[in-house]
Structure formats: structure tokens, C-alpha cells
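What follows is a set of notes on a single structure, which appears directly below.
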């Protein structure tokens with residue numbers, strides 16, 4: 231076998247390994263997302279169902295707020311004694327964006343998801359323009375610790391490491 235042919239065979243043998251390696255997911259960081267209630271007539275591919283307060287409702291798959299919109303947070307023990315809740319301070323741009331979203335979404339549910347699981351829900355009864363969000367329950371200690379490394383606590387300048 232000639233050298234160019236040998237080189238081509240070796241290169242082709244390595245290609246499936248390279249694509250298989252590239253297909254792996256990066257390690258997921260702790261993610262917090264907020265999803266607004268959708269209309270039942272929305273495209274089924276763009277919604278998911280969740281059951282806040284025992285009633286199954288459709289929610290938009292695309293989040294209104296994500297982890298990068300959070301400027302700072304402060305965890306607290308939840309009232310049910312299982313896990314934690316958190317006060318979230320929004321960034322200035324997210325604060326303005328959510329004021330507009332909440333104004334247009336009065337009487338709709340908003341669900342909070344942590345790492346892809348629904349942990350809490352609130353009914354929007356008026357425009358939220360103070361730049362703070364609260365997740366009342368459902369956050370684990372490990373998730374608080376991971377979030378501490380990404381976002382500072384309210385009143386601190388840098389994340390805790």
C-alpha cells in the first residue's frame with residue numbers, strides 16, 4: 231500500500247470517532263428558566279404541558295427569562311421545609327423586558343424551571359416592574375451551591391466559588 235493510500239485509510243478510520251466525540255453534550259450548568267402560559271391553539275411543537283396547582287396547562291417552550299438574565303440571587307429555606315426558594319434580582323434589560331411581558335400576560339401562569347423540571351408557578355395578577363422574581367420552593371442544596379458559583383448573592387459583587 232502506498233503512503234497516500236495509507237494516509238487516506240487512516241484518515242477515514244478516524245472520522246467516525248471525531249464525529250462521535252463532537253456529538254457529546256457539554257456538562258449542563260444549573261439553569262433557571264421562566265415560561266409563560268400559552269394559548270391552547272398554539273403550535274403543539276412550541277408548547278409543553280405542566281400542572282401548576284393541579285390543573286394541566288400549556289406553556290411556551292421558549293423561556294421568557296433564563297439564567298443569564300439574573301444579576302444576583304438570595305436563597306432561603308422554603309416554607310414546606312423541603313429544599314429552598316430564591317429571590318432573584320433581574321438584570322436591567324431583563325427587568326424592562328419582563329415588565330412588558332408581565333403587563334401583556336395578566337391572568338396567565340408563569341412556571342419556574344430549574345434544570346428542566348418545573349419547581350414553582352405563579353399567577354400574574356399585575357405588571358411586575360420592580361426587577362425581582364421569587365421561586366418559593368423546589369430548589370435543592372446542590373443547585374444553590376452550583377448557582378453560587380455562577381451568580382453573586384444580592385449585595386455581593388462576585389459569585390462565591
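Numbering (the numbering used here), first residue to last: 231 to 391. We put the CB at the ideal spot given by N, CA and C, even for glycine.
Counting only residues of its own chain and dropping the five nearest sequence neighbours on each side, residue 352 has a CB closer than 6 Å to the CB of 340.
Leaving aside the five residues that flank residue 335 on each side, the residues in its chain whose CB is nearer than 8 Å to its CB run, in chain order, 266, 267 and 354.
Proximity to residue 356 across 322, 310 and 338 peaks at 338, based on C-alpha coordinates.
Annotation: residue 275 to residue 292 spans about 11 Å, alpha carbon to alpha carbon. Secondary structure note for residue 351: its beta strand (DSSP E) is the uninterrupted segment 347–353. Taking the C-beta atoms as reference points, residue 264 is found nearer than 8 Å to residue 342.
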